[in-house]
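One structure below.
Number of protein chains: 4
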Amino acid sequence: MDREALEQLLQVNDQEVKMSEKQQKIVMAAIEMFSEKGFASTSTSEIAKKAGVAEGTIFRHYKTKKDLLLSIVMPTIINTAAPKFAKSFAKEVFDHQYESYEDFVREILSNRFAFVKKYFPVVKIYFQEVFYHEEMRNLFKTIFNDHVYEKFKQIIEYFKEKGELADLPAESIIRMTITSIVGLIITRFLISEDMDEEQEKERTIQFIMNGVRKR
Amino acid sequence: MDREALEQLLQVNDQEVKMSEKQQKIVMAAIEMFSEKGFASTSTSEIAKKAGVAEGTIFRHYKTKKDLLLSIVMPTIINTAAPKFAKSFAKEVFDHQYESYEDFVREILSNRFAFVKKYFPVVKIYFQEVFYHEEMRNLFKTIFNDHVYEKFKQIIEYFKEKGELADLPAESIIRMTITSIVGLIITRFLISEDMDEEQEKERTIQFIMNGVRKR
Amino acid sequence: MDREALEQLLQVNDQEVKMSEKQQKIVMAAIEMFSEKGFASTSTSEIAKKAGVAEGTIFRHYKTKKDLLLSIVMPTIINTAAPKFAKSFAKEVFDHQYESYEDFVREILSNRFAFVKKYFPVVKIYFQEVFYHEEMRNLFKTIFNDHVYEKFKQIIEYFKEKGELADLPAESIIRMTITSIVGLIITRFLISEDMDEEQEKERTIQFIMNGVRKR
Amino acid sequence: MDREALEQLLQVNDQEVKMSEKQQKIVMAAIEMFSEKGFASTSTSEIAKKAGVAEGTIFRHYKTKKDLLLSIVMPTIINTAAPKFAKSFAKEVFDHQYESYEDFVREILSNRFAFVKKYFPVVKIYFQEVFYHEEMRNLFKTIFNDHVYEKFKQIIEYFKEKGELADLPAESIIRMTITSIVGLIITRFLISEDMDEEQEKERTIQFIMNGVRKR
DNA sequence: CATGAATGAGCATTCATTCAT
DNA sequence: CATGAATGAATGCTCATTCAT
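Protein chains in written order, with our numbering: chain A, 3 to 217; chain B, 3 to 217; chain C, 3 to 217; chain D, 3 to 217.
This is the structure in C-alpha cells:
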C-alpha cells in the first residue's frame, strides 16, 4: 500500500488527509500488525519499532492506541459501504445506469471484490474489531442504514416492479445477495486463495440471480 | 448454559468431561468474558472474579490462559463440524435418508441454526480467535477436509447424477450452500435479532435450491 | 543415600530419628533439589512430585519449607563438626591416641573427606545456605567454638610444647590446616573430579606439615 | 561503592560502561540485595524500591532479572581472574619482575585481598551463584584455563628449574597456593573480621612457602 | 515535531500454605 | 496420616502513556 492509496482509504468527505512521512509509517505498521495479531495483542512498542519511530511519536499523532485503531477503521467503514452508494448511487439508478439487477449485482461484487483485494488487511481488522467496539458498530449501522440499505431497497423495488425479481421482501433479497457476495470474498481471501476468480464470480452472480429471479 | 449442556459441548469422542463445580464456573465465566471482550482483552483476574474463585484456581485447572481458551474452542470446533457428519453421515445418505438435496440442506440448516442458538457465545469466540491461533486453524482445516468436505461432495455428486442439481463443480455448490446458511445465521444472531426465523429459513432454502437446481 | 545413612546423618545426640517411608522420600527429594537448584529456587511442589507424595504431605511433617531445610542442615552442621570432636576427642588426644600432629591432620582429612564424599549434596546445601540463614550461622559458630576450636587449640598447644609445631598462634595453625583440607575437598568435589585422591591427600598433608612444622 | 568504582568493575576490555543515574542506582541496589539475601530471594520490586525507581525501569535496562545478575557477575568474573594475568603477566615474569616465587605469591595475595576488600558484595554474589548458573561456570572455566592456569604453570616451572620450588606437580602447587590465599580471604571477610591483616598475610605467605619450597 | 527514558498499573503465572475429605 | 483442591499474596514482566529534552 503506497502513500496515495493509504490517504485515499482514510479520506472521508473529500477532506484531504495530510500525513507526514512518520505518521504514514505508523499507520502502515499498525495496519500490518493489527491485521496479523489483532488489536489487543499488538503493543505500541511493536508498532513503533516496525514503523521505525520512537514510541512517543505515536502518541503525538494519536492520543491513545485506540485512537490509532479508530483512525484506521472508521474511515474504512465509511468507505467500505458508502462511496459507490452515498455519492452517485441514486442518480445512477434512477438514470437507469443499471439495466438489470444482474448488472447491479455484477457491479457491486466486482467493486467490493476489488476493494477487499486492495485493502485486505484493513478490512480484516475491521471485521475483527467491530465486535468489540461500540463506536464501530454504531457507525456501521448508521452508514449501512442511511446509505446502503435505503438505496439498495429502492433498486430492488424498482426491479421487482419491472418483473425481474421474485416477490420476496427486499430485506431478504438484500441479505441473500450480500451474504453470497461476502461469502465469495471470504472464501477467496481467507480460505482457498487459488480459486479461479473470474469463473467463481460469474457462478456466484448466476447463483444469486437464479435464487431471486421471478419465475 | 447449564452444567450438562456445557459438558456435552466440550465432550469429544464420547470421552466424558468431568468438571468440578469450580472448574465449571471458570469455564462459564471465561466463555462469557471471551465472547464479550475478546480473549486478549479479558484478564484472568476478571474471569476469576466473575467465576467466584481465586485466580490461582484457574491455573490449577489450566496451565495457561491460552489452554483455557483452547479447552473451550477445540472441542467446539470438532463438534461444530463433525458430529452429524463424521458419524452417521455416509450411512444416512447412502441409505437414502435424504430424498433430495433440499431435504439435506433443510436438515443442516436447522441443525446448525439450533447449535448456534444454543451455544452462541462459544461459536462467537471461535470465529473471532480462529484468525489468530494456528492450532485452531489447523484443527478446523483437518476436520473440515476429512469429515465435512468429502462427505458433502459425495452427496452433491449423488444428487447431480440423479439430475436434481445443476452441473456446477461440487466445490462451488458447497461454498454457495454453506455461505447462504452461515449468512442467515450471522444475520439472525448478530444483526437483526427480530427476524421471523422460520420464514427466513424457508426463504433461504428456496434461494439455495433455486440457485443450484438443474434447469 | 539409603534410609539408614540418612537417618544416621540427621541423628543428633543419639536421639533416634524415626521417619516414615514418605517422610524419608520427602527429605531425599528435598536434598537432591536443594543441592541442584538452591533452596529458594526449589518449589515445594517440585519436591512433592519428585518424592511421589502430595504437596500437603510435606506440610504435615514440616511446618514450613524452611523447617524442611533446617531439619536437613542443622543436624548436618552438628555432625560435620562435632562427632569426632565432641565426644571422644579430648580423651583420645590426651590418651596420646595421636602420636603426632601429622597423624591428627591425616585423621581429620581422611575423615572429613569421606564424610563429604558420602554426603556431598547435603554439605553443598549447607555451604550455600549458611550465608543467608542466621540460625545456621549461629549454630555453626557455637558448635565450632565450643567443640572444635577449643579442642583443636589444645591439641596444637600440646604438639607445640612437644616441639613438633612452629611457634605460631594456634588460630593461625588452625586456619591454615582447615583451609588446606577444605581447599583439597572443594577442588576434588567441585572442580577436578578426576584427581588422584590418595596422592593429593598425602601431598596436602605434607604441605600442611612443612608449613607449620618447627624448623 | 561510587559510580567510578562500579563502572570500572563492570568494564571489560576497556569498553567504557556508560550508566545513567538510574541505571547505576539499580545496579548498586541489586548488588546490595543479591549479596544480602541471594539472587533468588531478592524480588525486583525490592530492588526497585531500594534504588528509588519504578519497577518497570529495571526492565527497560535489563531484559530479565537474570540479565541484571549476569551484567554484574560476568564482568566481575573476568576482572577477578584476568586483569593481572591476562595483560602483563607473561611479560612481567619473563622479564624477571618477580625475583622469587615468594614475591609472586606476595603480589597476588595482596592484589586479590585488595580486590575483595573493595568489591566484597559482588564477589560474594559470584561465589554464591556460580553453582547454579552454567554460563558463569563456563566463563569462569574459560577464563581460568586460558588466562590464569597456563601462566601460573609457567611461573611455577620457571622457579622449579631455578631450584626454589619442590618437585611437586604444578597443579598441586597451584591448588595449595590458591587454597591458602582464598582461605585467608574467606576467614578475614566472612569469619573473623578483627584479624590482624598484615601479620596473617605474612604468616600465610610463609606457610605457603614452607609448604612448597625445595628442601 | 520527535525522542526515548521513566512510570506504575496491570498482567499471567507461581508458590507456600491451609483444610475438608 | 495422606491427599490435592483451593487460596491469595507475591513475582517477574509488559504496556500504554507521559514528559523533559
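No residue lacks a Cβ here, since even glycine has one placed at the ideal position from N, Cα and C.
Being a predicted model, the structure only gives us computed values, none of them experimental.
Option in B:Ser102, B:Glu34, B:Glu23, B:Thr78 with minimal Cα separation from threonine 59 of chain B: Residue 59 of chain B sits at position 57 when you count from the first residue of the second sequence. Across the set B:Ser102, B:Glu34, B:Glu23, B:Thr78, the C-alpha of B:Glu23 shows the shortest separation from the C-alpha of threonine 59 of chain B.
Grouping DSSP H, G and I as helix and E and B as strand, with all else coil, what is valine 132 of chain C? Numbered from its first residue, the third sequence carries residue 132 of chain C at position 130. Valine 132 of chain C falls in the coil class under three-state DSSP.
Between which two residues does the alpha helix (DSSP H) holding isoleucine 33 of chain C run? The count along the third sequence starts at 1 and reaches residue 33 of chain C at position 31. For isoleucine 33 of chain C, the enclosing alpha helix (DSSP H) begins and ends at 23-39.
Can you grab the Cα-Cα spacing for the pair isoleucine 17 of chain B / alanine 7 of chain B, in whole Å? Against the second sequence, residue 17 of chain B aligns to sequence position 15. Against the second sequence, residue 7 of chain B aligns to sequence position 5. Going by the sequence as given, residue 17 of chain B is glutamine instead of isoleucine. The straight-line gap from Cα to Cα measures roughly 15 Å.
What's the gap between the Cα of lysine 52 of chain B and the Cα of methionine 30 of chain B? In the second sequence, the residue the question calls residue 52 of chain B occupies position 50. In the second sequence, the residue the question calls residue 30 of chain B occupies position 28. The alpha-carbon atoms of lysine 52 of chain B and methionine 30 of chain B are separated by roughly 9 Å.
What residues match up with arginine 215 of chain D in a beta bridge as DSSP calls it? Within the fourth sequence, residue 215 of chain D is the residue found at index 213, counting from 1. DSSP lists D:Leu167 as partners of arginine 215 of chain D.
Is the Cβ-Cβ distance between glutamate 34 of chain A and serine 47 of chain A less than 7 Å? The residue you call residue 34 of chain A lines up with position 32 of the first sequence. The residue you call residue 47 of chain A lines up with position 45 of the first sequence. No, the Cβ-Cβ distance between glutamate 34 of chain A and serine 47 of chain A is not below 7 Å.
Mind checking if tyrosine 134 of chain D is an interface residue toward chain C, Cβ cutoff 7 Å exclusive? Sequence index remark: in the fourth sequence, residue 134 of chain D carries index 132 (1-based). Output row for tyrosine 134 of chain D: interface = yes.
Pick from B:Gly40, B:Ile145, B:Tyr103, B:Ile49 that is closest to methionine 76 of chain B, judged by C-alpha positions: Start at 1 with the first residue of the second sequence, and residue 76 of chain B comes out as number 74. The shortest C-alpha separation from methionine 76 of chain B is found at B:Ile145.
Going by DSSP, what residue range makes up the alpha helix (DSSP H) through glutamine 10 of chain B? Numbered from 1 along the second sequence, position 8 holds the residue referred to as residue 10 of chain B. Following the DSSP letters along the chain, one finds glutamine 10 of chain B inside the alpha helix (DSSP H) bounded by residues 5-12.
Integer-rounded CB distance, given that arginine 177 of chain D should sit under 8 Å from glycine 185 of chain C: Residue 185 of chain C sits at position 183 when you count from the first residue of the third sequence. Residue 177 of chain D sits at position 175 when you count from the first residue of the fourth sequence. Confirmed, about 7 Å.
Run of the alpha helix (DSSP H) containing isoleucine 180 of chain D, from where it starts to where it stops: Within the fourth sequence, residue 180 of chain D is the residue found at index 178, counting from 1. 172-188 is the extent of the alpha helix (DSSP H) around isoleucine 180 of chain D.
Presumed contact (8 Å Cβ cut-off) between tyrosine 100 of chain D and glutamate 109 of chain D, rounded CB distance: Along the fourth sequence, read from residue 1 onward, the residue named residue 100 of chain D stands at position 98. Along the fourth sequence, read from residue 1 onward, the residue named residue 109 of chain D stands at position 107. Between glutamate 109 of chain D and tyrosine 100 of chain D the Cβ distance is about 7 Å, and since that is below 8 Å, they are a contact.
9 Å Cβ cut-off: residues of chain C touching valine 75 of chain D: Position 73 of the fourth sequence, counting from 1, holds the residue named residue 75 of chain D. For the C-beta of valine 75 of chain D, not a single chain C residue is nearer than 9 Å; the gap to the nearest is close to 15 Å.
Determine, using beta carbons only, whether valine 118 of chain C and isoleucine 207 of chain C come nearer to each other than 7 Å. Residue numbering aside, residue 118 of chain C sits at position 116 when the third sequence is read from its first letter. Residue numbering aside, residue 207 of chain C sits at position 205 when the third sequence is read from its first letter. With respect to the 7 Å criterion, valine 118 of chain C and isoleucine 207 of chain C are not classified as neighbours on the basis of their beta carbons.
Do proline 123 of chain B and serine 45 of chain B count as a contact pair if the criterion is CB distance below 7 Å? The residue you call residue 45 of chain B lines up with position 43 of the second sequence. The residue you call residue 123 of chain B lines up with position 121 of the second sequence. Contact flag unset, no.
Evaluate contact between the segment 125-135 of chain D and the segment 67-81 of chain D, counting only Cβ atoms and requiring at least three cross-stretch pairs below 8 Å. The segment 125-135 of chain D is in contact with the segment 67-81 of chain D.
With C-beta atoms as the reference, is alanine 32 of chain B less than 7 Å away from leucine 70 of chain B? Residue numbering aside, residue 32 of chain B sits at position 30 when the second sequence is read from its first letter. Residue numbering aside, residue 70 of chain B sits at position 68 when the second sequence is read from its first letter. Using a Cβ distance threshold of 7 Å, alanine 32 of chain B and leucine 70 of chain B count as a contacting pair.
Residue from C:Asp105, C:Glu204, C:Lys27 with nearest C-alpha to glutamate 166 of chain C: Position 164 of the third sequence holds residue 166 of chain C. In terms of Cα proximity to glutamate 166 of chain C, the closest of C:Asp105, C:Glu204, C:Lys27 is C:Asp105.
Under 8 Å Cβ to Cβ from lysine 27 of chain C, same chain only, skipping five residues before and after it: list those, please. Start at 1 with the first residue of the third sequence, and residue 27 of chain C comes out as number 25. Within the same chain, Cβ atoms closer than 8 Å to the Cβ of lysine 27 of chain C are found at Ala53, Gly54, Val55, the five residues on either side in sequence being excluded.
Cα-Cα separation between tyrosine 128 of chain B and arginine 5 of chain D, rounded to whole angstroms: Here residue 128 of chain B refers to the residue found at position 126 of the second sequence. Here residue 5 of chain D refers to the residue found at position 3 of the fourth sequence. Their Cα atoms are separated by approximately 55 Å.
Whole angstroms is fine: what's the gap from glutamate 202 of chain D's alpha carbon to leucine 111 of chain D's? On the fourth sequence, position 200 is the one that residue 202 of chain D refers to. On the fourth sequence, position 109 is the one that residue 111 of chain D refers to. Spanning the two alpha carbons is a distance of roughly 11 Å.
Taking 7 Å as the limit between beta carbons, can you name the residues of its chain near phenylalanine 154 of chain D, skipping five residues before and five after? Here residue 154 of chain D is taken as the residue at index 152 of the fourth sequence, counted from 1. Around phenylalanine 154 of chain D: Ile176.
Helix, strand or coil for glutamate 202 of chain D? Go by DSSP, reduced to three states. What you label residue 202 of chain D is simply residue 200 of the fourth sequence in a count that begins at 1. Three-state result, glutamate 202 of chain D: helix.
For phenylalanine 161 of chain D, which residues in the same chain have their Cβ closer than 6 Å to its Cβ, ignoring the five residues on either side in sequence? Here residue 161 of chain D refers to the residue found at position 159 when the fourth sequence is read from its first residue. A distance below 6 Å between beta-carbons, with the five flanking residues on each side excluded, links phenylalanine 161 of chain D to the following residues of its chain, in chain order: Tyr103, Leu167.
Starting from glutamine 17 of chain D, follow its DSSP beta bridges and name the residues at the other end. As a working note, residue 17 of chain D is residue 15 in the fourth sequence. Glutamine 17 of chain D pairs with D:Val14.
Measure the CB-CB distance between serine 182 of chain C and threonine 181 of chain D and report whether it falls below 7 Å. By one-based count along the third sequence, residue 182 of chain C stands at place 180. By one-based count along the fourth sequence, residue 181 of chain D stands at place 179. Yes, the pair counts as a contact, with Cβ atoms nearer than the cut-off.
Exposed or buried, which one is lysine 126 of chain D when buried takes at least 16 other CB atoms within 10 Å? As a first step, residue 126 of chain D must be located in the fourth sequence, where it is residue number 124. Burial call: buried.
Can you give me the C-alpha to C-alpha distance between arginine 114 of chain A and valine 150 of chain B, rounded to a whole angstrom? Locating residue 114 of chain A in the first sequence gives position 112, where the first residue counts as 1. Locating residue 150 of chain B in the second sequence gives position 148, where the first residue counts as 1. Cα-Cα distance, rounded: 29 Å.
What residues of chain D sit near glutamate 202 of chain C, judged by a beta carbon separation below 7 Å? In the third sequence, counting from the first residue as 1, residue 202 of chain C sits at position 200. In chain order: Ser174.
Report yes if the CB atom of valine 14 of chain D is closer than 7 Å to the CB atom of isoleucine 80 of chain D, and no otherwise. Position 12 of the fourth sequence holds residue 14 of chain D. Position 78 of the fourth sequence holds residue 80 of chain D. Result yes, Cβ atoms of valine 14 of chain D and isoleucine 80 of chain D sit closer than 7 Å.
Counting only Cβ pairs nearer than 7 Å, list the residues of chain B close to alanine 42 of chain A. Position 40 of the first sequence, counting from 1, holds the residue named residue 42 of chain A. Result: Gly40, Ala42, Ser43.
What residues of chain B sit near serine 112 of chain A, judged by a beta carbon separation below 7 Å? Here residue 112 of chain A refers to the residue found at position 110 when the first sequence is read from its first residue. When 7 Å is used as the limit between beta carbons, serine 112 of chain A is near no residue of chain B, the shortest such separation being about 18 Å.
Tell me which residues share the same chain as methionine 3 of chain C and place their Cβ nearer than 7 Å to its Cβ, disregarding the 5 neighbours each side in the sequence. Counting from one through the third sequence, the residue named residue 3 of chain C turns up at place 1. Excluding residues within five positions, the ones whose Cβ falls inside 7 Å are Met30.
Tell me the residue span of the alpha helix (DSSP H) that contains glycine 58 of chain D. In the fourth sequence, residue 58 of chain D corresponds to position 56, counting from 1. Per DSSP, the continuous alpha helix (DSSP H) segment holding glycine 58 of chain D begins and ends at 57-63.
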